[in-house]
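Asks: Protein chains in written order, with this note's numbering: chain A, 16 to 373; chain B, 14 to 411.
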Amino acid sequence: MWSFSQIANGIHEWLSKTFNPTWTLIIEMVLAGVAVIGLFAVLGLILVIMERKVSAWIQIRLGPNRVGPKGLMQSMADTVKLMVKEGLTPTGADRIMFNVAPIIAMIVAMLLLAPIAFAKNFQLWDLNIGVLYVSCVSSLMVISVLMAGWSSNNKYSLLGAMRSGAQIVSYELSAGLSILTIIVFVGDLQVSKIIASQETGWWIFKGHIPAIIAFITFLIAVTAETNRAPFDLAEAESELTAGFHTEYSGMKFALFFLAEYVNVFIVCAIGATLFLGGWMPFHISNWTGFNHVMDYIPSSVWFFGKTFFLIFVIMWFRWTFPRLRIDQLLNLEWKYLLPISMVNLLIATLMAIMGWHF
Amino acid sequence: MDKETTLLNESQAPFAGSGEVPYDRYGDTSAGIALGDGDFQINFGPQHPATHGVLHLVITLNGETIKKVEPHLGYIHRSIEKMCESLTYRQFIYVTSRMDYLSAHINNHACALAVEKGLQVEVPARAQVIRVLMDELTRIASHELWWGAMAMDLGAFTPFFHAFRERESINDIMEETCGARLTMNYMVPGGVMHDLHPNFQKRVKEFLQLYKRKIHEYDELVTGNVIFQNRMKGVGYLSAEDAIAYGVSGPSARGSGVSSDIRKLYPYEIYDKLEFDEVLETAGDSFARYMVRINEMHQSIRIIEQLIDNIPEGDFQAKTKNVLKLPKGDFYTRVETARGELGLYIVSEGGNTPYRIKFRSPGFSNLSVLDHMARGSKIGDLVAMMGTLDLVIPDIDR
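#1: Is arginine 338/A near the ligand ZN - that is, is its Cβ less than 7 Å away from at least one heavy atom of it?
#2: Answer with yes or no whether the minimum CB distance from valine 396/B to chain A is below 8 Å.
#3: So which residues of chain A does aspartate 208/B contact, with C-beta pairs closer than 9 Å?
#4: Confirm, please, whether the CB-CB distance from serine 378/B to glycine 260/B is below 8 Å.
#5: According to the Cβ coordinates, are isoleucine 321/B and valine 145/B closer than 8 Å?
#6: Does any CB atom of chain A fall closer than 8 Å to the CB of isoleucine 314/B?
#7: Can alanine 124/A and valine 277/A be called in contact, C-beta distance under 8 Å?
#8: Distance, Cα to Cα, methionine 413/A vs serine 300/A?
#9: Look at the alpha carbon of proline 354/A and the alpha carbon of leucine 347/A, and state the distance between them as a whole number of angstroms.
#10: Going along the stretch 153 to 173 of chain A in order, which residues come within less than 8 Å of chain B, judged by CB to CB distance?
#11: Return the residues of the stretch 341 to 355 of chain A that lie within a Cβ-Cβ distance of less than 9 Å from chain B, sorted by chain order.
#12: Thinking C-beta only, is valine 396/B closer than 8 Å to glutamate 254/A?
#13: Tell me the rounded alpha-carbon separation between asparagine 114/A and threonine 106/A.
#14: Per DSSP, leucine 74/B is paired with what?
#15: Closest Cβ-Cβ distance between glutamate 83/B and chain A: below 8 Å?
#16: For the putative contact between alanine 176/B and glutamate 157/B, defined by C-beta atoms under 8 Å, what is the C-beta separation to the nearest angstrom?
#17: Between alanine 190/A and isoleucine 118/A, what straight-line distance do the alpha-carbon atoms span, to the nearest angstrom?
#18: So, does the stretch 257 to 270 of chain A touch the stretch 200 to 217 of chain A, judging by three or more C-beta pairs under 8 Å?
#19: Tell me, please, which residues DSSP counts as bridged to methionine 200/B.
#20: Taking the CB atoms as reference points, tell me whether arginine 352/B and aspartate 403/B lie closer together than 8 Å.
#21: Taking 6 Å as the limit between beta carbons, can you name the residues of its chain near leucine 273/A, skipping five residues before and five after?
#22: Using CA atoms only, rank isn't needed, just tell me which of Leu337/B, Lys338/B, His207/B and Ser265/B is closest to valine 305/B.
#23: Based on DSSP bridge pairs, tell me the residues matched to proline 84/B.
#24: Nearest to valine 360/B by alpha carbon, out of Val108/B, Lys80/B, Leu221/B and Val128/B?
#25: State the Cα-Cα distance for the pair serine 99/B and arginine 369/B, rounded to the nearest angstrom.
#26: Are the stretch 232 to 244 of chain A and the stretch 174 to 192 of chain A in contact at 8 Å, needing three or more beta carbon pairs?
#27: Tell me which residues share the same chain as isoleucine 324/B and place their Cβ nearer than 6 Å to its Cβ, disregarding the 5 neighbours each side in the sequence.
#28: DSSP three-state label for valine 136/B, please.
#29: In whole angstroms, what separates the C-alpha of serine 381/B from that of tyrosine 102/B?
#30: Using a Cβ-Cβ cutoff of 9 Å, what residues of the stretch 72 to 92 of chain A are near chain B? List them in chain order.
#31: Any idea if threonine 346/B is buried or exposed, counting beta-carbon neighbours within 10 angstroms, 16 or more meaning buried?
#32: Could you please tell me which residues of the stretch 48 to 82 of chain B, in chain order, have their CB closer than 7 Å to any CB of chain A?
#33: For a test of the three-state rule: what should DSSP assign to isoleucine 257/B, helix, strand or coil?
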């Protein structure tokens, strides 16, 4: 069947035949880099238009419908607008930090795309500590937010950045613990092995109640980690005007904006990989015919379907719930989510030792 | 250092105002209140998404905790009171639609009542019913907008659109009958400007049906939401004593258990013949004020239902002279707007323009309590409190 892996292998073979191994590696790295940048931009565009359409659907309106068919080119028009806008730097700002912060946000989001398996055998870098790498790099995100808030020389930005710092550091814990629950079941950190372990069934089905609790904790924690409503305290439009990116305009703002959406995509992709089987099709044991039909759906469709479903859920949160207050946000994490996920991890470990999962 | 500490304590005391209050109108810390370690001041507005207009608050913060809130007014002051002095008794009503633009009819109603009181005109029964119907429709429209805007202050965007769906049908009714959707001018001394549109009854009944079909969404989307309740309950506490002391009126006062509905206490038009309840909550927090407004919408629906099939036939306007001249003397009327008690005080010298006009606007008094309520809470709570006080800035500044 036609798949990404065949294209990738084809390119690799052609390059190996044409160039020597060093050049092959360099060209492949450049290609991968271009692919990541392209994916970054395309994902941003798609997710922005998706968010606007989802919010319009929830809010009984039409959403953008003027630019292009059904308004689908709206985010292209927005991008052009943002690119030609002047990127202001406030007089009192720390110029270097102010200008570097959005680039760090973008780099972090791009780095995170590396270990994600988009389809069967289609992965930029299948490193053996894949999930650990993701949790490490994603915590770098807070640095760009803190830098942006601190260097803007604006009290609203500072408040937003401080909120964001407290929030991301706290919710890293629950997100990490819920990821650990699955890792305990799998016994490996490598993304490809985690997906391979779900061939007989996704962890959300195989892992009994601990996996479901971990999944819910994970969803809440990553929503908070990506600063999405109802945990968007770092931006908190009605409180802090725009929070940490109040002073940003033009492309600098756009980078934060894109990074936010790509981060949402990444955390949802991680969620889909860990809990919903990544690119693994949905199988029901003994239903051979049904399983064959499921196998005919390409693995990339499975992966993107699951990921976009999770993205939709996170968008659904945003357009339904009011925002939490900062102390309520931290209470939720330290008093509820963290103890629950710790106990949950213990139970999961016990289950893994006793071999109670499927 | 000693001096600074005492200054801070003095300004923090409730009812600070006697003697030398350290106060600087530009929020300059050097001459203003002394800031402790880690305190800073932040300008909340005049261009800010949560102030719904040009309200300017200078907030003294310690981290996220509010130490002091100073409203700075005057950004939308149009000297309406002074303008009214040079307009005749027929003309000045139109200016008042621009005060509290969300209850334009009710402002006009207050003016019409005051002039009628001076002229001792008897308003026809039909005009009275039409006026009450318009008032109550306005009240619902205003509360709908408040509901959506307050949810938006709390970070939930969707309720705004749900609220506007219902508000839109009220606006359509207003457009048909009064010719305007926002700054309506329909009430004139002696009655209303012209008769109801033939479609009026049908459209209002349609609206009542729509409202009843959709109102459960309000509770599902916002009232019952656990995040919303956590944000509202126990936040922005206002005791009944403080509400009276600060002159808070309307739903904000009734949330603290202060009976202040002018329609019940000093009935005007036909309100004493109608069956409706004064909504009272005793908790005094933001959630109580929220529930008062939600239930007030139900009461307004009750009033409309009683009247819509019983609009008497007859004149819609009493016969008045072309040039109105109020006799020498003082005239005071008060009405219940969507935000509270609107008082109108006219001093007449016997001419065709008022000698002096004074509005007692509900928003101004309700805003004055914000500092008292907000001290010690977080910025997020301040926004929620402003939401439940239902501030309309042109009403505060006039």
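Ideal placement from N, C-alpha and C gives every residue a C-beta, glycine not left out. The structure displayed is predicted, hence computed values, not measured ones.
Replies: On the basis of the supplied data:
#1: The model depicted lacks the ligand ZN and carries no ligand whatsoever.
#2: In the second sequence, counting from the first residue as 1, residue 396/B sits at position 383. Output row for valine 396/B: interface = yes.
#3: By one-based count along the second sequence, residue 208/B stands at place 195. Under the 9 Å cutoff, chain A gives no residues; its nearest Cβ is about 34 Å from aspartate 208/B.
#4: As a working mapping, residue 260/B is identified with position 247 in the second sequence. As a working mapping, residue 378/B is identified with position 365 in the second sequence. Yes; because the gap between Cβ atoms is below 8 Å, this pair is in contact.
#5: Here residue 321/B refers to the residue found at position 308 when the second sequence is read from its first residue. Here residue 145/B refers to the residue found at position 132 when the second sequence is read from its first residue. Going by C-beta atoms, isoleucine 321/B is not nearer than 8 Å to valine 145/B.
#6: Position 301 of the second sequence, counted from the start, is the residue given in the question as residue 314/B. Isoleucine 314/B does not count as touching chain A.
#7: Counting from one through the first sequence, the residue named residue 124/A turns up at place 109. Counting from one through the first sequence, the residue named residue 277/A turns up at place 262. Cβ atoms of alanine 124/A and valine 277/A: closer than 8 Å.
#8: Absent from the structure is residue 413/A, since the part of chain A shown begins at 16 and ends at 373.
#9: Position 339 of the first sequence holds residue 354/A. Position 332 of the first sequence holds residue 347/A. In a straight line, the C-alpha of proline 354/A is about 10 Å away from that of leucine 347/A.
#10: Lys170 and Tyr171
#11: Ile341, Asp342 and Gln343
#12: If you number the first sequence from 1, residue 254/A lands on position 239. If you number the second sequence from 1, residue 396/B lands on position 383. In contact: glutamate 254/A and valine 396/B (Cβ atoms closer than 8 Å).
#13: Counting from 1 along the first sequence, the entry for residue 114/A is found at position 99. Counting from 1 along the first sequence, the entry for residue 106/A is found at position 91. Going by the C-alpha atoms only, they are around 13 Å apart.
#14: If you number the second sequence from 1, residue 74/B lands on position 61. Note: leucine 74/B sits in a beta bridge opposite Phe53/B and Ile79/B.
#15: As a working mapping, residue 83/B is identified with position 70 in the second sequence. Judged by the 8 Å Cβ criterion, glutamate 83/B is not in contact with chain A.
#16: Indexing the second sequence from 1 puts residue 176/B at position 163. Indexing the second sequence from 1 puts residue 157/B at position 144. Going by Cβ atoms, the distance from alanine 176/B to glutamate 157/B rounds to 4 Å, so yes, they are a contact pair.
#17: Walking along the first sequence from the start, residue 190/A turns up at place 175. Walking along the first sequence from the start, residue 118/A turns up at place 103. Rounded to whole angstroms, alanine 190/A to isoleucine 118/A spans 25 Å at the Cα level.
#18: no
#19: Stepping through the second sequence from its first residue, residue 200/B is reached at position 187. Per DSSP, Val205/B.
#20: What you label residue 352/B is simply residue 339 of the second sequence in a count that begins at 1. What you label residue 403/B is simply residue 390 of the second sequence in a count that begins at 1. Yes.
#21: What you label residue 273/A is simply residue 258 of the first sequence in a count that begins at 1. Taken in chain order, the residues that qualify are Gly59.
#22: In the second sequence, counting from the first residue as 1, residue 305/B sits at position 292. Closest option to valine 305/B, Cα to Cα, is Ser265/B.
#23: Within the second sequence, residue 84/B is the residue found at index 71, counting from 1. Per DSSP, Leu70/B.
#24: Stepping through the second sequence from its first residue, residue 360/B is reached at position 347. Checking every option, the nearest Cα to that of valine 360/B belongs to Val128/B.
#25: If you number the second sequence from 1, residue 99/B lands on position 86. If you number the second sequence from 1, residue 369/B lands on position 356. Those two C-alpha atoms are separated by around 10 Å.
#26: yes
#27: Here residue 324/B refers to the residue found at position 311 when the second sequence is read from its first residue. So the qualifying residues of the chain are Val142.
#28: Translated into positions along the second sequence, residue 136/B becomes position 123. Valine 136/B: coil per DSSP, three-state reduction.
#29: Indexing the second sequence from 1 puts residue 381/B at position 368. Indexing the second sequence from 1 puts residue 102/B at position 89. Going by the C-alpha atoms only, they are around 31 Å apart.
#30: Ile73, Gln74, Ile75 and Arg76
#31: Here residue 346/B refers to the residue found at position 333 of the second sequence. So threonine 346/B counts as buried.
#32: Phe53, Ile55, His61, Pro62, Ala63 and Glu77
#33: Locating residue 257/B in the second sequence gives position 244, where the first residue counts as 1. Helix.
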